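S.K.: Here it is, the structure in full.
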Amino acid sequence: MRRKLAAGNWKMNGLSADLGELDALAGAASGPDTEILICPPATLIATASARAKGTGLLIGAQDCHTNASGAHTGDISAAQLRDAGASAVILGHSERREAHEESSEIVRAKARAALEAGLAAIVCLGESLAQREAQNTLDIIGGQLAGSIPDSATGQNLVIAYEPIWAIGTGKVPTLAQIGEVHDFLRARLERRFGAGVGRSVRLLYGGSVKPGNASEIFTVSNVDGALVGGASLKAADFLPIIEALETA
Ligand code: PEP
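So in numbering that gives the first Met the number 0, spot 80 of the sequence shown is number 79, and the numbers just go up one at a time.
This is the structure we're talking about:
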């Protein structure tokens with residue numbers, strides 16, 4: 000039985016004054032079947048963690064370095080994120096794969112560092128519009144999955160987020176059949192690589208323009224265990240209906 004997960008990615012948004020949004024989410028975070036995770040910018044992780052302490056609301060990060068420590072000015076290690084109160088870290092988001100030229104090899108090294116530090120890794124995969132139109136979606140996703148996931152992954156420390164690049168922040172969403180095809184494919188690949196036990200226990204999130212108005216139908220798709228939400232996670236008033244849709248799915 001996989002616990003559902005509603006994860007919010009605040010990206011480079013949010014100041015201390017915005018942490019009040021967490022209070023309403025904390026109130027919703029007591030259900031036994033659904034986890035709620037907010038990944039604020041690194042500057043807010045420690046204060047967000049202190050604020051969420053004891054509520055069940057989880058706090059995560061948006062990236063980490065491949066190394067545990069060292070001369071890497073401006074970077075943050077997984078151990079430092081954990082020390083600040085994070086329990087998970089998003090890795091391989093398309094904005095990092097594109098803007099920071101992160102390859103799947105780098106994402107895998109970061110995921111390994113995250114697992115070694117005791118963080119769960121939320122590894123993002125997704126095709127561009129050109130790749131989908133060329134009918135290469137499953138090849139791209141399969142390659143990213145094989146390249147980005149370390150062998151030490153388990154259902155406890157790995158979450159996969161399928162995020163078509165063309166759906167992120169655009170208001171465009173794949174059809175339910177398209178989401179289902181990719182999620183079933185991911186499940187089959189995970190079972191083939193890790194065996195049925197681990198393969199069936201890894202949670203698969205859909206991400207890309209999830210909103211209060213479309214969340215319920217997305218959560219009906221098989222092998223969708225939750226969502227990674229960008230814009231609609233910034234305000235509790237938008238994120239709460241998505242959480243509720245997941246809880247009742
Ligand atoms: C994201 O960037 O992870 C994301 C899913 O963004 P949005 O929900 O805004 O499309």
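Glycine included, every Cβ here is placed at the ideal spot set by N, Cα and C.
Only a predicted model underlies this, so the values are computations on that prediction, with no experimental measurement involved.
Using the DSSP secondary-structure output, state which residues sit across from Ala-23 in a beta bridge.
M.R.: Partner(s): none; Ala-23 has no beta bridge.
S.K.: Under 8 angstroms, with one C-beta from each stretch per pair, do the stretch 66-74 and the stretch 28-43 reach the 3-pair mark?
M.R.: No, the stretch 66-74 does not touch the stretch 28-43.
S.K.: On the three-pair Cβ rule with 8 angstroms, is the stretch 49-59 touching the stretch 77-97?
M.R.: Flag = yes, the stretch 49-59 and the stretch 77-97 touch.
S.K.: Determine the extent of the alpha helix (DSSP H) in which Val-158 is found, giving its start and end residues.
M.R.: Careful: Val-158 lies outside any alpha helix (DSSP H), inside the beta strand (DSSP E) at 157-161.
S.K.: Look at the Cβ atom of Val-122, then the Cβ atom of Ser-147, and state whether they are nearer than 8 angstroms.
M.R.: Contact: yes.
S.K.: Would you decide whether Leu-128 is buried or exposed? Buried here means 16 or more other CB atoms lie within 10 Å of its CB.
M.R.: The residue in question, Leu-128, is exposed, as its Cβ has fewer than 16 Cβ neighbours within 10 Å.
S.K.: Starting from Glu-34, follow its DSSP beta bridges and name the residues at the other end.
M.R.: According to DSSP, Glu-34 bridges with Leu-4.
S.K.: Taking the Cβ atom as the reference point for each residue, do Gly-206 and Val-228 lie within a distance shorter than 8 angstroms?
M.R.: Yes.
S.K.: Can Gly-69 be considered in contact with the ligand PEP, in the sense that its beta carbon sits closer than 7 angstroms to one or more heavy atoms?
M.R.: Checking the Cβ of Gly-69 against the ligand PEP gives no.
S.K.: Could you check what DSSP says for Pro-45 in three-state terms: helix, strand or coil?
M.R.: Just to set this straight, residue 45 is Ala in the shown sequence, not Pro. DSSP places Ala-45 in helix when its eight states are reduced to three.
S.K.: Pick helix, strand or coil for Ile-121, following the three-state DSSP scheme.
M.R.: DSSP places Ile-121 in strand when its eight states are reduced to three.
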